[in-house]
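Participant:
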Amino acid sequence: MSELFDSYRSSYSEAVEGSIRFSGLRHDFFLRAKAELLRRLVLEQDLRRGGAGVRALDVGCGVGSLHPHLADVFDRLDGCDVSKESLARASAENPHVAYSVCTTSRLPYADGMFDLAFASCVVHHVPPASWLGFIREMRRVVRRGGLGCIIEHNPYNPLTRMAVLRCPFDKDAVLLRAGKAASLLEQAGFRDAHCEHFLLLPSAKPLARKLESALAWLPLGAQYACVARA
């Protein structure tokens, strides 16, 4: 997998843009939606209790495309990935983020280091037999009372499936349902997993965002987020 994503170090954004061009939306629209979801998690789940700073880990961060949108969301952000080439680009473009190469199934961090660990559109690249182990490692590095978050493509959305089929590095992707992601989180040692769907409406206007929030329980959005407490 590292060789595949090493080869897309310079062309990752272009490959993603090409896969979603039919939608009329830019990749940045999807990135901002994810960043807003993570921002809301920090507030709604009270991760800043007592004025504490929030340290987060992006597992499988790739070239760090999401990180410019997270500069004011967390007090400290770490990212790890199997692709050294992708991390070289991420580090050059996001000096405020601490990056580490992850070459084994064990994340290169101590137990309980983070308030939040999230994986954004990563699990579908992991072989299904390794899904549980992958999420168990996320649980290991999250402190008691912290959060784990899986953001993934919704396999029930036909436009999402089209985008995945058009994306060259999603050739071997195995999409997982929100219910499966929630079950894996709880099997891995998280608790109280719940899921919401987003990116249902292709608009950043406040009314569209409000309506989409009200419909988050419907399995219709292009992506979903499953969140659970450690």
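Using my numbering, the letters of the sequence shown map in sequence onto residues 1343 to 1572.
For every residue, glycine included, the Cβ atom is placed at its ideal position computed from N, Cα and C.
Only a predicted model underlies this, so the values are computations on that prediction, with no experimental measurement involved.
Could you tell me which residues DSSP puts in a beta bridge with Ala-1440?
Facilitator: The count along the sequence shown starts at 1 and reaches residue 1440 at position 98. Paired residues: Asp-1420.
Participant: Just curious, the alpha helix (DSSP H) that Leu-1385 is in, first and last residue?
Facilitator: As a first step, residue 1385 must be located in the sequence shown, where it is residue number 43. Here the alpha helix (DSSP H) through Leu-1385 covers 1369-1386.
Participant: Just the C-alpha distance for Asp-1423 and Asp-1534, rounded to the nearest angstrom, thanks.
Facilitator: Translated into the one-based positions of the sequence shown, residue 1423 becomes position 81. Translated into the one-based positions of the sequence shown, residue 1534 becomes position 192. Looking at the two C-alpha atoms, the distance is approximately 27 Å.
Participant: Is Ala-1459 near the ligand ADP, going by C-beta to nearest heavy atom under 7 Å?
Facilitator: Ligands in the displayed structure: none, and consequently the ligand ADP is not present.
Participant: Compute the distance between the beta-carbons of Glu-1494 and Cys-1463, then report whether it is under 8 Å.
Facilitator: Along the sequence shown, one-based indexing puts residue 1494 at 152. Along the sequence shown, one-based indexing puts residue 1463 at 121. Cβ distance < 8 Å, so Glu-1494 and Cys-1463 count as in contact.
Participant: Roughly how far, in whole angstroms, is the beta-carbon of Ala-1377 from the beta-carbon of Leu-1408, given that I think they are within contact range, below 8 Å?
Facilitator: Here residue 1377 corresponds to residue number 35 of the sequence shown, with the count starting at 1. Here residue 1408 corresponds to residue number 66 of the sequence shown, with the count starting at 1. Contact flag correct, Cβ pair sits at about 6 Å.
Participant: Straight-line CA distance for His-1466 to Leu-1489?
Facilitator: One-based indexing of the sequence shown puts residue 1466 at position 124. One-based indexing of the sequence shown puts residue 1489 at position 147. Their Cα atoms are separated by approximately 20 Å.
Participant: Quick test of the definition: if touching needs 3 or more C-beta pairs under 8 Å, does the segment 1499-1513 touch the segment 1443-1457?
Facilitator: No: the two stretches stay apart, fewer than three of their Cβ pairs being nearer than 8 Å.
Participant: In whole angstroms, what is the alpha-carbon distance linking Phe-1532 and Arg-1368?
Facilitator: Taking the sequence shown and counting its residues from 1, one reaches residue 1532 at position 190. Taking the sequence shown and counting its residues from 1, one reaches residue 1368 at position 26. Roughly 34 Å between the two C-alpha positions.
Participant: My output table needs one value for His-1429: the three-state DSSP class, helix, strand or coil.
Facilitator: As a working mapping, residue 1429 is identified with position 87 in the sequence shown. Correcting the residue identity first, residue 1429 is Leu in this sequence and not His. Leu-1429: helix per DSSP, three-state reduction.
Participant: Determine which residues share a DSSP beta bridge with Gln-1565 and list them.
Facilitator: Along the sequence shown, one-based indexing puts residue 1565 at 223. His-1495, Phe-1540, per the DSSP bridge assignment.
Participant: Use the C-beta contact count for Ala-1471: other C-beta atoms within 10 angstroms, 16 or more gives buried, fewer gives exposed.
Facilitator: Locating residue 1471 in the sequence shown gives position 129, counting from the first residue. Counting Cβ neighbours within 10 Å, Ala-1471 comes out exposed, since fewer than 16 surround it.
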